[in-house]
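Take a look at the structure below.
2 protein chains.
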Amino acid sequence: MALIVQKYGGTSVGTVEKIEGVAQKVIATVEQGNQVIVVVSAMSGETNRLIELAKQIDDCPAPREYDVLVSTGEQVTIALLSMAIMKFGHKAKSYTGAQVNIRTDNAYSKARIIDIDEARVRADLEAGNIIVVAGFQGMDEQGNITTLGRGGSDTTAVAMAAALKAEECQIYTDVDGVYTTDPRVVPNARRLEKITFEEMLEMASLGSKVLQIRAVEFAGKYGVPLRVLHSTEDGPGTLISYDNEGETMEDAVISGIAFNRDEAELTITGVPDQPGIAYQILGPIGEANVEVDMIIQNVGADGCTDFTFTVHRTDYQKALEILEKTSQKLGAREVSGDATIVKISLVGVGMRSHAGIASTMFKTLADDSINIRMISTSEIKISVVVDEKYTELAVRALHKAFDLEEKPAA
Amino acid sequence: MALIVQKYGGTSVGTVEKIEGVAQKVIATVEQGNQVIVVVSAMSGETNRLIELAKQIDDCPAPREYDVLVSTGEQVTIALLSMAIMKFGHKAKSYTGAQVNIRTDNAYSKARIIDIDEARVRADLEAGNIIVVAGFQGMDEQGNITTLGRGGSDTTAVAMAAALKAEECQIYTDVDGVYTTDPRVVPNARRLEKITFEEMLEMASLGSKVLQIRAVEFAGKYGVPLRVLHSTEDGPGTLISYDNEGETMEDAVISGIAFNRDEAELTITGVPDQPGIAYQILGPIGEANVEVDMIIQNVGADGCTDFTFTVHRTDYQKALEILEKTSQKLGAREVSGDATIVKISLVGVGMRSHAGIASTMFKTLADDSINIRMISTSEIKISVVVDEKYTELAVRALHKAFDLEEKPAA
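Here the protein sequences come in this chain order: A and B.
Quick note: the first sequence uses the numbering used here, first residue 1, plus one each step.
Quick note: the second sequence uses the numbering used here, first residue 1001, plus one each step.
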């Protein structure tokens, strides 16, 4: 008998009817001979309703009380889902984060899970119960209610799966899997059967919003196989796991193409090429809590260097002002920037053992006269920054060049 | 520094504005030099909204999950009230029933409080916090969430006051105190400064809906002085406490007049006057879960007796049917009943030491030609049953006869 953890998000439990639908999906899994733990989010709209109440009192409410407030959203869902499962003739038992002893630190609204006491859940499973757990919440050492921050329900599901050594952690969403790229840009993008944790992390962090990064990291750390599935349609979804030697992963060189239009590019030219210059430029940026993504430094011929980096687009103005000040201090030649860029990345573990990926990429873009502004590489990805207006053209051309399209049925 | 427990019901916290009003009342009490624990109910309407969700799934939802669901109502209020108190510059900390360790049995939806762990609350009070506690809820030995049943927030407040030996437990309501009788019937009814627990129990159980009986019983058992106050208007309210010898209670013979139109009367006549007859008549009624209030048996001259009792009006038809069957079995003469009666009671500890109360009562009713159908007495009350249509006439006449009116200011 296998133990499966399933997670359903707010949209999947948005109405009483949808909750009953989830109950039936859960029961179907049990009737296939599995034990099931279900992790659920608040009904869609509920969290916003609660936040609105808080904002009427205080725009910046006390974090401890904010967590007490919003954690009621999931508590409503676990009760209703348990009732629905029981109505359909199965045993169910609900648990809040505190009851299942999801211990977190006390960073309210963005707590991290430290430990889970699985004994009680294990006993209830053995007694034939379907366990329904409130996602997104936990309890700190002092018994204070905490919430886990965005995507926290995914993290709860993975943590439960890790603690109870579940066979699989299934994340039900509004898409039927992870695609080679965004199907809105490339209509014949293909659903991947499998992808590795590392690839998924690159895909997720680069704009593919199917799974939360923290949940993927967590699953990778504890080796919990993750599966992304559609919450109402049947299908195998996409399995995210380790690239075990014994297993046959798909042998594609490239698994997918991610792109991110949320970044902006800043350049400072003509700064003295001396030790510590990177810190002098990026230090003030970091102190202002601006996160930097890509960083490129060119060595100049005249003892000067150019320095380019990207930040989140919402931080662009702030970063530009800081950089102007730094420029004056360093006596740099010029500061420039551009907020209308896109970062496009090829992702794939197959890249490790294949040469020529980069040159195929650059040639493909050149063939369409797309100018590359920045390049950055890692072991399993190559990213380029180009003008935002080329997004669709570039992604479609690369998708075709690397043979990622859905093939007609044989 | 005195410790005060305050309780605000659903109507008093029905909107964000009202919650802010409660925050200010609480802060005013603290600024008078007190420590305060506030117990709150769910915002009015919220509990019904949650029950409606449950009913959409199952008309008779699992009790454990029902309690998980409805207990979220108070959790929302404690968070919002704590935020409001902090906005106004004071320290606050919220606690769910489970967090403050309100241990109950596991009779879901009508659990009883077994114990409260006061150490943590005491420490938070000493650190200068206003403590905000979710009413109506607790946790059983196994950590399951329980709720206390109707009026449970009053009970939570009294239990907190008892556990922490508070100086006073203040129940804020939509009336400014306990009155000599219902002011809608007798416009010049007078607010009582003080009333004993015993009197309050009689007043409460006889239809004066200001306080829940269980909370009054609980307060009496632990000697917690209770005060009923208006939630938005200022005023001293009514203090409910023991009639201590040293204290001067009001020296009125009668404290108040309660009346109850929720009962119905049933009579069985011509039953054999033999041992065990009362059980034969009332046994089947009790087995059908019908509660009996007043019971009167007259001794007849012919070896037969008449037997009259009252039940809640909603149980009238059910009781009548059972009584018809009993009548056939016993060979009784007749079964009759009347659902349009009222029970009017004079309540007062002063009655103990004063003769002539009953005769004044009967004469007053006779002067207005009101026929008395049943009489029942206890140490601190005299109840009569009369035709319901005489309610206002009888209550007003008695109110005047016993000199209970509000006196013009001296």
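Quick reminder that beta carbons are idealized off the backbone N, C-alpha and C, glycines included.
Mind pulling the chain B residues with CB within less than 7 Å of residue i?
| i | result |
| --- | --- |
| Gly10 of chain A | Within chain B, no residue comes near Gly10 of chain A; the closest Cβ sits about 15 Å away, beyond 7 Å. |
| Pro61 of chain A | Met1083 |
| Ser94 of chain A | Glu1065 and Val1068 |
| Val16 of chain A | Leu1053, Gln1056 and Ile1057 |
| Gln99 of chain A | Gly1143 |
Buried or exposed for residue i, please, with buried defined as at least 16 other CB atoms from any protein chain shown within 10 angstroms of its CB.
| i | result |
| --- | --- |
| Lys1381 of chain B | buried |
| Glu1031 of chain B | exposed |
| Gly337 of chain A | buried |
| Lys1389 of chain B | exposed |
| Gly1286 of chain B | exposed |
| Gly1246 of chain B | Low confidence applies to Gly1246 of chain B: its pLDDT is 42, below 50, so where it sits in the model is not reliable enough to give any reading. |
| Ala319 of chain A | buried |
| Thr1248 of chain B | Here the model assigns Thr1248 of chain B a pLDDT of 45, short of 50, so the residue's position is not dependable and the matter cannot be decided. |
| Arg184 of chain A | exposed |
| Ala159 of chain A | buried |
| Ala410 of chain A | Bear in mind that the predicted position of Ala410 of chain A carries a pLDDT of just 49, short of 50, making it too unreliable to give a figure here. |
| Ala1332 of chain B | buried |
| Glu1065 of chain B | buried |
| Ser153 of chain A | buried |
| Gly151 of chain A | buried |
| Glu1265 of chain B | buried |
| Ala1329 of chain B | Position check: residue 1329 of chain B holds Lys in this sequence, whereas Ala was assumed. Counting Cβ neighbours within 10 Å, Lys1329 of chain B comes out exposed, since fewer than 16 surround it. |
| Val299 of chain A | exposed |
One question on the structure: do residue i and residue j come within less than 8 Å of each other, judged by their Cβ atoms?
| i | j | result |
| --- | --- | --- |
| Ser231 of chain A | Asp174 of chain A | yes |
| Asp401 of chain A | Thr364 of chain A | According to the sequence provided, residue 401 of chain A is Ala. The question's Asp does not apply to it. For Ala401 of chain A and Thr364 of chain A, yes; Cβs fall inside 8 Å. |
| Asp368 of chain A | Leu393 of chain A | yes |
| Val22 of chain A | Gln1056 of chain B | no |
| Val271 of chain A | Thr305 of chain A | yes |
| Glu1074 of chain B | Ala1042 of chain B | yes |
| Gln1137 of chain B | Thr1096 of chain B | yes |
| Val1347 of chain B | Glu1217 of chain B | no |
| Arg227 of chain A | Ile145 of chain A | no |
| Val1349 of chain B | Glu1198 of chain B | yes |
| Val311 of chain A | Glu263 of chain A | yes |
| Thr72 of chain A | Thr1047 of chain B | no |
| Arg1190 of chain B | Leu1323 of chain B | no |
| Thr1269 of chain B | Glu1334 of chain B | yes |
| Val1186 of chain B | Val1395 of chain B | yes |
| Ala1111 of chain B | Leu1148 of chain B | yes |
| Leu239 of chain A | Glu193 of chain A | yes |
| Phe259 of chain A | Ile344 of chain A | yes |
| Val1076 of chain B | Leu1050 of chain B | no |
Compute the beta-carbon to beta-carbon distance between residue i and residue j, rounded to the nearest angstrom, for a pair I have assumed lies under 8 Å.
| i | j | result |
| --- | --- | --- |
| Val1386 of chain B | Val1342 of chain B | 6 Å |
| Val26 of chain A | Ile114 of chain A | Wrong, their Cβ atoms sit about 28 Å apart, outside the cutoff. |
| Ala204 of chain A | Ile213 of chain A | 5 Å |
| Ser1109 of chain B | Pro1063 of chain B | 6 Å |
| Val133 of chain A | Ile78 of chain A | 7 Å |
| Thr1156 of chain B | Val1068 of chain B | Not quite, the Cβ-Cβ distance comes to about 18 Å (not below 8 Å), so this is no contact. |
| Met374 of chain A | Ile296 of chain A | 5 Å |
Taking C-beta pairs closer than 9 Å, name the residues in chain B that residue i reaches, listed in chain order.
| i | result |
| --- | --- |
| Ile78 of chain A | Glu1065, Val1068 and Leu1069 |
| Gln75 of chain A | Val1068, Leu1069, Ser1071, Thr1072, Gln1075 and Ile1145 |
I want to verify the contact list: residues of chain A whose CB lies under 7 Å from the CB of residue i, in sequence order.
| i | result |
| --- | --- |
| Ser1044 of chain B | Those do not exist, as Ser1044 of chain B stays about 14 Å from chain A at its closest Cβ, beyond 7 Å. |
| Met1086 of chain B | Ala62 |
If the cut is a Cβ gap below 8 Å, which residues of chain B does residue i touch?
| i | result |
| --- | --- |
| Glu20 of chain A | Ile1057 |
| Ala54 of chain A | Ala1079, Leu1080 and Met1083 |
| Leu50 of chain A | Val1076 |
Less than 8 Å between CB atoms is the rule here; does residue i satisfy it with respect to chain D?
| i | result |
| --- | --- |
| Thr1377 of chain B | Going by chain labels, chain D is absent from the structure shown, which instead holds the protein chains A and B. |
Three or more C-beta pairs below 8 Å linking the stretch 94-113 of chain A and the stretch 1126-1133 of chain B: no
Segment contact, 8 Å Cβ cut-off, at least three pairs: the stretch 1002-1017 of chain B with the stretch 1155-1172 of chain B: yes
Touch test, the stretch 354-362 of chain A against the stretch 277-294 of chain A, Cβ-Cβ under 8 Å, three pairs minimum: no
Segment contact flag, the stretch 1253-1268 of chain B with the stretch 1232-1243 of chain B, C-beta cutoff 8 Å, min 3 pairs: no
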